[in-house]
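Peer 1: Okay, handing you the structure first.
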Amino acid sequence: MARPILTLLAICLGLFLGQVDTTAINLALPAMGRALGGGLDAQQGIIIAYSVTYAALLMSGGTLGDRFGRRLLFRIGIAVFIIGSIVCALAGTIPVLFAGRVVQGVGSALMVPQSLAILATAFPGKRERNRAMAAWSVVAGLGVAAGPTIGGLVVQEINWNFIFWVNVPIGILSLILAFTNVPESRNPNARRLDVRGQVLCTVALGLLTFVVVDGRNLGWTSPTVIGCVVVCLLSAGLFFYVENRHPSPMVPLNLVRRGQLPVASVVAGCMTFGMYGLFMLVSLAFQQERGTTPLVAGLEMLPMPLVFMALSPVVGRLTTRYGPRLPMITGMFAMGVGVLFWAVVGGDGNIWLIEISFVIVGIGLAGNTGPVVGVAVSAVSSELAGLASGIVNLVRMFGSSLGVAVMGTTLAVISAGAIHGPAFLSGLRGALLVSCAVEFLGCLIALLKVRNPSRAGKNQEVHNK
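Heads up: the sequence shown at position 207 corresponds to 216 in my numbering, and the numbers run straight through without jumps.
Written out as structure tokens, the structure is:
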């Protein structure tokens, strides 16, 4: 018989793997570049191969779990993630590492969407369920925020390959617990899988990020880039055409055309655009410009996760009492200020001033991470809450991919490929200013468009027709 505490442990272990892998790899990028070859574009690709795959398949992963069983898809996702980790750990070339990261992304897309639904089944009581959901939120946030520090420790004390090897025993433990302590559940009214929409979404997202990352090297007017842009636009147009007519669309467009869901999704995308791009820039600036070791670089990033963990419960209470609007506005503003502060201080500036910028960014992450999901879920009826959460997470993950692509390209263009010195610092400042602009845009959108559920009309009856 399944024991709820072991169910929670199985889910949290799997969730932690999926989340920590999005950021832990950043501190290993310079070491990977030295070992496998490839410049900044290859290092961007190592991050983006995972996040684009994760984003593109996330909604279909949830649908498959609803139809065929969430426990089954969670197990498959863990197993696929373990296989991808082994491929990455054994990779001797950049293309093989890319392939392993894609497999990891597939595993996460199958695994993570099942987690909340499994917990809702395993913890039927409201009080116990709320505690389980709180633990889920903490693990998800901690995995992302603490990833760079964990990655720095592993890279320095062992080697970059071990970032992936360490996933294997943790994944196996989660898989064993999932076989013995996770109850099976499915949705009898589950939507059909939208294969055409899934293919078109994957092509559009993949080509867009490819153009942003490699357009500079291939030439913005080269036939390859122009062809990719044309196919990307056609795929995006066909995606919306198909979604409007499919009886069970991957992304129900009637949900994203109105209300607070599209607002919350855009704000979430702005947040992750800056956050994931920032993690990459910190790794490059600290190790290539300042000459710090991976471990020291990871430790110097600790203020972000520590502040995030300390303030998240406080933000949760404030959101319950006053609504999510104020924390979201404050959070996006704090992220913009924190990034701007580092841009002013400079990549080679006083480390204590840079630490202050990380503290401010940590405040911003705490202010926005939880409330944005609350806004999205409150915008739809309770039956569609999982779908709304999935849409927000899709935009979050794609925002992270776009942030890494755009900020990395900005750095490369302004620095003319320099990896240290004045040219690199100029490129770093330019990339940080791009991030800052996006964060302040998210703040402006939150200020003008976000409404507390009591004012927006909690649980609007928006149905998927």
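Ideal Cβ positions, reconstructed from N, Cα and C, are used throughout, including at glycine. Quantities reported herein were computed from a predicted structural model and do not represent experimental measurements.
On a Cα-Cα basis, can you pick out the residue from 190, 210, 28, 101 that is closest to residue 170?
Peer 2: 101
Peer 1: For a quick check, are the C-beta atoms of residue 109 and residue 90 less than 8 Å apart?
Peer 2: For residue 109 and residue 90, no; Cβs fall outside 8 Å.
Peer 1: Are the beta-carbon atoms of residue 222 and residue 31 separated by less than 8 Å?
Peer 2: no
Peer 1: Can you tell me whether DSSP reads residue 471 as helix, strand or coil?
Peer 2: Note that residue 471 scores 43 on pLDDT, short of 50, meaning its location in the model is unreliable; the coordinates nonetheless yield the value given after this. Correct three-state label for residue 471: coil.
Peer 1: How many angstroms separate the CA atom of residue 143 from the CA atom of residue 298?
Peer 2: 39 Å
Peer 1: Could you tell me the distance, in whole angstroms, from the CA atom of residue 453 to the CA atom of residue 438?
Peer 2: It is roughly 22 Å from the alpha-carbon of residue 453 to the alpha-carbon of residue 438.
Peer 1: Residue 103 to residue 183, Cα distance in whole Å?
Peer 2: Near 29 Å, if we compare the C-alpha coordinates of residue 183 and residue 103.
Peer 1: With a threshold of 16 other CB atoms inside 10 Å of the CB of residue 63, please say whether the residue is buried or exposed.
Peer 2: buried
Peer 1: To the nearest angstrom, how far is it from the Cα of residue 364 to the Cα of residue 105?
Peer 2: 36 Å
Peer 1: Would residue 247 pass as a contact of residue 209 if the rule is Cβ separation under 8 Å?
Peer 2: Between residue 247 and residue 209, the gap from beta carbon to beta carbon is short of 8 Å.
Peer 1: Whose C-alpha, out of 273, 317, 314, is nearest the C-alpha of residue 450?
Peer 2: Measuring C-alpha to C-alpha distances from residue 450 to each of 273, 317, 314 identifies 273 as the nearest.
Peer 1: Tell me the rounded alpha-carbon separation between residue 351 and residue 96.
Peer 2: When rounded, the distance between both Cα atoms is 36 Å.
Peer 1: Compute the Euclidean distance between the alpha carbons of residue 256 and residue 328, then round it to the nearest angstrom.
Peer 2: 36 Å
Peer 1: Hey, quick one: how far does the alpha helix (DSSP H) through residue 307 stretch, first residue to last?
Peer 2: 303-309
Peer 1: Identify the continuous alpha helix (DSSP H) that holds residue 433 and give its terminal residues.
Peer 2: Taken as a continuous stretch (DSSP letters only), the alpha helix (DSSP H) holding residue 433 covers 431-458.
Peer 1: List the whole-angstrom C-beta distance separating residue 123 from residue 79, where the pair is believed to meet the contact cut-off of C-beta under 8 Å.
Peer 2: 4 Å
Peer 1: Express the C-alpha separation of residue 113 and residue 28 in angstroms, rounding to a whole number.
Peer 2: 11 Å
Peer 1: What residue range does the alpha helix (DSSP H) around residue 174 cover?
Peer 2: 171-174
Peer 1: Could you check what DSSP says for residue 375 in three-state terms: helix, strand or coil?
Peer 2: helix
Peer 1: Short check: CB of residue 433 to CB of residue 424, under 8 Å?
Peer 2: yes
Peer 1: Quick check: the stretch 335-354 against the stretch 369-385, are at least 3 beta-carbon pairs closer than 8 Å?
Peer 2: yes
Peer 1: Let's see if you can read the secondary structure: which residues bound the alpha helix (DSSP H) around residue 322?
Peer 2: Taken as a continuous stretch (DSSP letters only), the alpha helix (DSSP H) holding residue 322 covers 312-331.
Peer 1: Mark residue 188 as exposed unless 16 or more other C-beta atoms lie within 10 angstroms of its C-beta, in which case mark it buried.
Peer 2: exposed
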